[in-house]
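Novice: In my numbering, the protein residues as written are 25 to 216. Note that beta-carbon positions come from the ideal geometry of N, C-alpha and C, so glycine has one too. Pasting a structure below so you can have a look.
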């Protein structure tokens, strides 16, 4: 199995809320960071490897939950910056196109090798036309920065740390917050 797929598996385990996976990536984090990351254990995602992974705007992984869905492109490097060109630039443009066509917020998950603490960073692909919760989340997640020529690139230092991302996407209760006796958003009556 390729090294990149090991990191893909690591990310999949974290987003799926597997205790073992979350503990593994937060082992060298401080208590506050670890507690924020652990929120995903209570509000996990179904995470699947995208068919045709890495092409056609699907990303490598799809993280799905009742309230949100993200296509995620996974990148790893020993260097803090990854410049997109050729195939990687085409992947970015395809993710952007898919995001706009389908109303999704595509993300990059960038793992910097050899770092203690939270080694994952999350960056968003800038897309137009988001609505609801994705539009709200989009405001908090940093975009890929641009080079002096206007080309997007991955900069680990400018990304959102994974523990903050997990805290952000797992803080609201969404559908689970509707208790007995509370009307659900779809239980209103229609009168003619």
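Using three-state DSSP, classify residue 62 as helix, strand or coil.
Specialist: Position 38 of the chain shown, counted from the start, is the residue given in the question as residue 62. Correct three-state label for residue 62: coil.
Novice: Are there 16 or more other CB atoms within 10 angstroms of the CB of residue 160, so buried, or fewer, so exposed?
Specialist: Looking up residue 160 in the chain shown gives position 136. Per the 10 Å Cβ criterion, exposed.
Novice: Enumerated in chain order, which unbroken segments of the beta strand (DSSP E) with a length of 3 residues or greater are wholly contained in the segment 82-135?
Specialist: Counting whole runs of 3 or more residues, the segment 82-135 contains the beta strand (DSSP E) stretches 85-88, 93-101, 105-107.
Novice: Look up residue 148 in the DSSP assignment and say whether it is helix, strand or coil.
Specialist: Position 124 of the chain shown, counted from the start, is the residue given in the question as residue 148. Residue state, collapsed to three classes: strand.
Novice: Are residue 45 and residue 51 touching if we call contact CB-CB under 9 Å?
Specialist: Taking the chain shown and counting its residues from 1, the one referred to as residue 45 is at position 21. Taking the chain shown and counting its residues from 1, the one referred to as residue 51 is at position 27. No, the pair does not count as a contact, with Cβ atoms beyond the cut-off.
Novice: Under 8 Å Cβ to Cβ from residue 211, same chain only, skipping five residues before and after it: list those, please.
Specialist: Mapped onto the chain shown, residue 211 falls at position 187. No answer about residue 211 holds up, because its pLDDT of 40 lies below 50 and its placement is not dependable.
Novice: Smallest Cα separation from residue 194: which of 60, 54, 32?
Specialist: Sequence index remark: in the chain shown, residue 194 carries index 170 (1-based). Here the closest residue by C-alpha is 60.
Novice: Do residue 130 and residue 94 count as a contact pair if the criterion is CB distance below 9 Å?
Specialist: Taking the first residue of the chain shown as 1, we reach residue 94 at position 70. Taking the first residue of the chain shown as 1, we reach residue 130 at position 106. Yes, the Cβ-Cβ distance between residue 94 and residue 130 is below 9 Å.
Novice: I'd like to check one pair, residue 164 with residue 184: are the Cβ atoms closer than 9 Å?
Specialist: Here residue 184 refers to the residue found at position 160 when the chain shown is read from its first residue. Here residue 164 refers to the residue found at position 140 when the chain shown is read from its first residue. A contact, by the Cβ cut-off of 9 Å.
Novice: Leaving out five residues before and five after residue 136 in sequence, what residues of the same chain have Cβ atoms less than 6 Å from its Cβ?
Specialist: For the purposes of this step, residue 136 is identified with residue 112 of the chain shown, where counting begins at 1. If we look at residue 136 and ignore the five residues flanking it on each side, its Cβ neighbours are 143, 180.
Novice: Measure the C-alpha to C-alpha separation of residue 151 and residue 109 and round it to an integer number of angstroms.
Specialist: The residue you call residue 151 lines up with position 127 of the chain shown. The residue you call residue 109 lines up with position 85 of the chain shown. Distance between the alpha carbons of residue 151 and residue 109: 19 Å.
Novice: Flag this pair as yes or no: are the beta carbons of residue 190 and residue 56 separated by less than 9 Å?
Specialist: Working through the chain shown from its first residue, we reach residue 190 at position 166. Working through the chain shown from its first residue, we reach residue 56 at position 32. No, they are not a contact pair.
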